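Below is one structure, written out as C-alpha cells; comments come after it.
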Amino acid sequence: MDTRSRYLQEMGITQWVRRDAGFHPAPGIGAAQDLNTDANDLIQNDQLLADLLTQVETCRQCDLYRTRYMPVFGVGPVPANLMIVGEAPSAEDDRQGIPFVGRVGQLLDAMLLSIGFRREDVYVANALKCRPPDDRDPFAEELTHCNPFLLQQIERIQPKVILALGKAAVQSLLDTNESLDQLRNTGPAREVAGVSVIATYHPAYLLQSPGAKSESWKDLYRARQLLINGSSS
Ligand code: URA
C-alpha cells in the first residue's frame with residue numbers, strides 16, 4: 317500500500333485505488349522546510365517572527381512560564397498557504413520546543429497527507445505557546461493573553477486557510493464561546509484577519525474516538541477545497 321493510501325486508511329477513509337497512486341501534493345503549497353532544523357533557527361531568518369519569539373520568551377502575563385520548560389512558538393515556511401492552529405504544547409513538545417511531536421503529531425501528519433500536504437509545507441502553531449501543567453485544558457484568561465501573539469503570527473504567515481484543531485483553538489481564534497460542533501462545517505467559513513478558519517476535531521480526540529475521523533475528513537476536504545478554489549463547495 318502506498319503512503320497516501322496508508323494515511324487515508326489511518327483517517328478511516330475508503331478510497332478508489334489509482335494506478336498512479338502515491339503522494340499527490342495539494343496545488344499551491346508553500347516552500348518545504350527541513351523539519352530537522354532547530355525550530356528557532358527558522359524563526360531567526362524572519363526579523364518580525366524573531367522579535368515576536370523574544371516577546372513570547374519573556375512574556376509573564378500568566379503563570380505558565382513558571383512551569384513550562386520552553387515556549388513552543390511555531391514552525392514552518394513563511395509565508396504558508398495553510399496554517400494549523402492547535403491548543404497547547406504537550407510535555408514532549410515542551411521539551412523539544414516543537415509543536416505536535418509524538419503520537420498526536422503523527423495523526424496530524426496523516427490528516428495533512430490525506431489532503432496532499434506534508435508537515436513541512438504548512439505552518440504549525442498553537443493558541444497557547446506554553447504548556448499548561450499536567451496537560452490540563454487552557455484557562456480562558458491564558459488564551460486571551462496569548463491571542464495577540466497568534467494574531468501577529470497569522471499576519472506574518474499570511475495563510476489562505478487556517479485549520480483550527482479542537483475547541484480551544486477555534487474559540488480563541490474566533491473569540492467566541494460557541495461549541496466546536498456549531499463552529500465545524502456550518503455555513504460559510506468564518507474569518508479571522510481576513511483568513512478563512514476551518515474547525516475540526518483535535519487529533520488527540522480522534523485517537524480516542526476514531527469514529528469521528530470520517531467527520532474530520534469532511535472538514536479537511538473543505539479546507540483543501542478552499543485552498544484550491546477559494547470556495548468550499
Ligand atoms: N501538541 C501541540 O503542539 N498542540 C496540541 O494542541 C497538542 C499537542
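Note that this note's numbering numbers the sequence shown so that position 115 is 431, with each residue one more than the last. Even glycine gets a Cβ: it sits at the ideal position worked out from N, Cα and C. Note that the coordinates shown come from a computational prediction; the quantities given were computed from them, not determined experimentally.
Under 7 Å: does the beta carbon of residue i sit that close to some heavy atom of the ligand URA?
i, result
"Val-420", "yes"
"Gly-402", "yes"
"Phe-455", "no"
"Phe-416", "yes"
"Asn-361", "no"
"His-461", "no"
Does residue i pass the burial test, meaning 16 or more other C-beta atoms within 10 Å, or should it be called exposed?
i, result
"Gly-527", "exposed"
"Ser-530", "exposed"
"Pro-464", "exposed"
"Val-333", "Reliability fails at Val-333, whose pLDDT of 41 lies under 50, so the model's placement of it is uncertain and the value that follows must be treated cautiously. Exposed: under 16 other Cβ atoms inside 10 Å."
"Arg-500", "buried"
"Ala-348", "For Ala-348, the pLDDT reaches just 38, beneath the cut-off of 50, and the residue's location in the model is therefore unreliable, although a value from the coordinates is still provided. Per the 10 Å Cβ criterion, exposed."
"Glu-457", "exposed"
"Asn-352", "Its pLDDT being 39, under 50, Asn-352 is placed unreliably in this model, and the value from its coordinates should be taken loosely. Answer is exposed; the Cβ neighbour count stays below 16."
"Gly-338", "Per-residue confidence for Gly-338 stands at a pLDDT of 45, beneath the threshold of 50, marking its modelled position as unreliable; the derived number appears in the next sentence. The residue in question, Gly-338, is exposed, as its Cβ has fewer than 16 Cβ neighbours within 10 Å."
"Ala-509", "exposed"
"Glu-436", "buried"
Quickly, what does DSSP pair residue i with across the bridge? List them, please.
i, result
"Thr-516", "Leu-481"
"Leu-398", "Val-477"
"Val-486", "The partner list for Val-486 (beta bridge, DSSP) is empty, contrary to what the question assumes."
"Val-372", "Val-372 is not bridged to any residue."
**Asked** Hey, is the stretch 372-384 in contact with the stretch 441-456, meaning 3+ C-beta pairs nearer than 8 Å?
**Response** yes
**Asked** At which residue ranges does the stretch 404-441 contain complete alpha helix (DSSP H) runs of 4 or more residues, listed in the order of the chain?
**Response** 407-412, 419-430
**Prompt:** Does the stretch 455-469 come close enough to the stretch 414-433 to have 3 or more Cβ pairs within less than 8 Å?
**Reply:** no
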